[in-house]
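When we follow our numbering, the leftmost residue of the sequence shown carries the number 439, and every step to the right adds one.
These notes concern the structure reproduced below.
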Amino acid sequence: MIETERLILRPWLKDDILPFSAINSDEEVMEYLPKCLSLEETVWFYNRIVAEHDRFGYGLYAVETKSDGLFIGYVGFHHFDFDAGFSPGVEIGWRLAKEYWNQGYATEAAKACLDYARINHLFNEIYSFTTVGNHRSERVMQKIGMSRVCFFTHPSLPEGHKLKPHVLYKLELCPTYQLKAEH
Numbered sequence: 439m440i441e442t443e444r445l446i447l448r449p450w451l452k453d454d455i456l457p458f459s460a461i462n463s464d465e466e467v468m469e470y471l472p473k474c475l476s477l478e479e480t481v482w483f484y485n486r487i488v489a490e491h492d493r494f495g496y497g498l499y500a501v502e503t504k505s506d507g508l509f510i511g512y513v514g515f516h517h518f519d520f521d522a523g524f525s526p527g528v529e530i531g532w533r534l535a536k537e538y539w540n541q542g543y544a545t546e547a548a549k550a551c552l553d554y555a556r557i558n559h560l561f562n563e564i565y566s567f568t569t570v571g572n573h574r575s576e577r578v579m580q581k582i583g584m585s586r587v588c589f590f591t592h593p594s595l596p597e598g599h600k601l602k603p604h605v606l607y608k609l610e611l612c613p614t615y616q617l618k619a620e621h
């Protein structure tokens, strides 16, 4: 578990699935993703998140507010391996319910995740990427100290898809430390 002043980042619970599905089916939240997710797709995503956390010991954390204990989304790490020059790697990402936007929650939680990765020497570098035009996410990347590397076309999206153009950010975490054994 990771704590910040206002948030708790914790393992996922089955009780998170329904509010997570509500987030994933919100058109505004999913504006810069290929599509909204059904309940079944959310359950698949939930299972993938839990499996990745079990495999690596870290991952995308469920986020809840300390003030009321409500699940508000996720922030954390994901291993990616799509066909790109910077792949495979680890990304930091976030998805919060829109009523929690513009309150600094994504930045607060992402900074805590990066601190956790540094303290535990999880990996040397981390990436984040989003479609061109997603200025909210790009601003979080900047606030957590990441630097823009380049633009790229996301290989998982079909040619001509409006979300195919992406921007890539990177941050060196602990290049001088010995990392934990590879999983």
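For every residue, glycine included, the Cβ atom is placed at its ideal position computed from N, Cα and C.
The structure presented is a predicted model; accordingly, all values stated were derived computationally and were not measured.
Residue 599 and residue 507 have their C-alpha atoms roughly 38 Å apart. Taking the C-beta atoms as reference points, residue 610 is found no nearer than 8 Å to residue 537.
When the beta-carbon positions are compared, residue 530 and residue 566 come within less than 8 Å of each other. Note on residue 606: 16 or more other CB atoms within 10 angstroms of its CB, so buried under the neighbour-count rule.
As the crow flies, the alpha-carbon of residue 473 is around 25 Å from that of residue 449. Shown here, residue 535 sits in coil according to DSSP, grouped into three states, outside any helix or strand. Beta-bridge annotation (DSSP): residue 606 is paired with 567 and 588.
Residue nearest to residue 442 within the set 560, 604, 572 and 554 is 554 (criterion: CA-CA distance). When C-alpha distances from residue 527 are compared across 535, 516, 534 and 533, the shortest belongs to 516.
By the beta-carbon neighbour count (other beta carbons within 10 angstroms, threshold 16), residue 584 is buried. Secondary structure of residue 467 (DSSP, three-state): coil. The alpha helix (DSSP H) runs lying completely inside the stretch 445-505 and spanning 4 residues or more are 455-462 and 477-494, given in chain order. DSSP places residue 557 in the uninterrupted alpha helix (DSSP H) bounded by 543-557. Rounded to the nearest whole angstrom, the C-alpha separation of residue 541 and residue 548 is 13 Å. Measuring C-alpha to C-alpha distances from residue 512 to each of 596, 592, 594 and 440 identifies 440 as the nearest. Annotated three-state conformation of residue 529 is strand, per DSSP.
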